[in-house]
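The letter at position 59 of the sequence shown is residue 61 when you use the numbering used here, and the numbering goes up by one with no holes. Structure first, then comments.
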Amino acid sequence: MQASIVGFASTSQIDHPPTQPQPGPARPTDMRCLSETTRATFTAACVGAFSLLSSLAGCSSSGHHAPKPPASGTLSGHAREYGGPLVNGTPAANGVPYPDIVVTAEKSGVPVATATTGPDGDFSFTLAAGTYTITGCQSVVARVLAAKNTVQDIACPVP
């Protein structure tokens, strides 16, 4: 299938001599009337412009987009007890794992995930990248990065 592109060319660009000189502005012409060199230059310019625009738009000539990075990451940590009565000058609960604590991840004040700590006080969420408030015994702020594991422990004070 042959496509013709209609453009504007001055009479000096046309291969065959005009029957009469045409004064004034350029007139529409069919690509078939242009010389091989002019057509090749025009075609190369169009292909170059298309390639540039495609690359700026994030597309390749095959129409496929570059793969996007994962939009979620993991937030994990441990709930640990601290404080309590002193035993030989050291708090009784000095980083001891705290099981069965409900831990919630909130985004802009809205709970988006909840977990209960395991026997070792561990918890884990898969969350969209962003900043979250993690509540359990106390609240902490954690930033989840796409395709990364963020570790954020929470402290649980013991009276």
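In this text, a Cβ means the ideal position worked out from N, Cα and C, and glycines have one as well.
Is it buried or exposed for residue i, if we count other Cβ within 10 angstroms and need 16 for buried?
i    : result
L77  : buried
G75  : buried
A130 : exposed
Start and end of the beta strand (DSSP E) containing residue i?
i    : result
K109 : 104 to 109
G138 : Segment: none, G138 is in no beta strand (DSSP E) and carries neither H nor E.
Y84  : 74 to 89
L129 : 124 to 130
A115 : 112 to 118
P161 : Where P161 is concerned, there is no enclosing beta strand (DSSP E), given that its DSSP letter is neither H nor E.
P93  : 92 to 99
If you draw a straight line from the alpha carbon of residue i to that of residue j, how long is it in whole angstroms?
i    : j    : result
P99  : A73  : 31 Å
C139 : G123 : 12 Å
D155 : G79  : 4 Å
V160 : G86  : 5 Å
For residue i, which residues from the same chain have a beta carbon less than 8 Å from its beta carbon, with the 5 sequence-adjacent residues on both sides left out?
i    : result
T133 : K109, V143, A144, R145, V146
Spatial neighbours of residue i within its chain, please: C-beta separation below 6 Å, excluding the five flanking residues on both sides.
i    : result
C158 : A81, E83, Y100, C139
Indicate whether the contact test is met: 3 or more Cβ pairs, each with one atom in the region 143 to 158 and one in the region 87 to 94, closer than 8 Å.
Fewer than three beta-carbon pairs drawn from the region 143 to 158 and the region 87 to 94 are found closer than 8 Å, and the two stretches are therefore not classed as touching.
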